[in-house]
């Protein structure tokens, strides 16, 4: 049975982080779009969308929410999470750090020019880009953790994609841009990114 992805039918609530990782795993899935707090909202809560949280993924009757948890669970289920506990924890921490970036960029874009200026200085150029560059400098494989792509790589790809699309003045160059291009060039992800469903 195909996984079913439930998501908010809004520009930034579509569960793209989950789609990217499912594409990398070679999975096919069905989707159910729900208008934000609109018709169909009650049908989601509580058996699918715990506490009203979406995206939610349903696999063989098992429902899971929170994008970061979902992509890490999928990685474990499909043998793509590092076996070493410390490396696995590093993947999880990076997935949640990508969510921090997504949230910070989204809030800045919503709050206006002063918030954007502060985000670009303090968060984008002050924290996230240097942090990613440090991980990539330590990597011998070109991936953030271990020898193969993990949800950390695709989660940061998606968070950066959102920042570049929504935060005026956000630019990308150097090792992080190269990593982003490497993720986008993974064959299954490249096919997904070129698809009409995106």
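Residue numbers (our numbering): 1143 to 1340. All residues carry an ideal CB built from backbone N, CA and C; glycine is no exception. Fair warning: this is a prediction, and the values are worked out from it, not measured in the lab.
If the five residues before and after residue 1158 are omitted, its C-beta is found closer than 6 Å to the C-beta atoms of 1300, all from its own chain and listed in chain order. Membership of residue 1233 in the alpha helix (DSSP H) is indicated by the continuous run 1227-1253. Within the same chain, Cβ atoms closer than 6 Å to the Cβ of residue 1311 are found at 1262, the five residues on either side in sequence being excluded. Considering only 1251, 1197, 1264, the residue with the shortest C-alpha distance to residue 1307 is 1251. When secondary structure is reduced to three states using DSSP, residue 1313 falls in the coil class, being assigned neither helix nor strand. With respect to residue 1293, residue 1213 sits close: the two C-beta atoms are nearer than 8 Å.
Residue 1200 is not a Cβ neighbour of residue 1255, given a cutoff of 8 Å.
By the neighbour-count criterion, in which 16 or more other beta carbons inside 10 Å mark a residue as buried, residue 1277 falls on the buried side. DSSP places residue 1200 outside any alpha helix (DSSP H); the residue lies instead in the beta strand (DSSP E), whose first and last residues are 1198-1201.
In its chain, beyond the 5 residues on either side, 1175, 1176, 1177, 1178 have a beta carbon closer than 8 Å to the beta carbon of residue 1151. The C-beta distance from residue 1196 to residue 1148 rounds to 5 Å, short enough to fall under 8 Å. Of the residues 1194, 1164, 1189, the one whose Cα lies closest to the Cα of residue 1203 is 1189. Sequence-distant partners of residue 1168 (beyond 5 residues in either direction) whose C-beta falls short of 7 Å from its own C-beta, in its chain, are 1330. Residue 1149 has 1175 as its beta-bridge partners, per DSSP.
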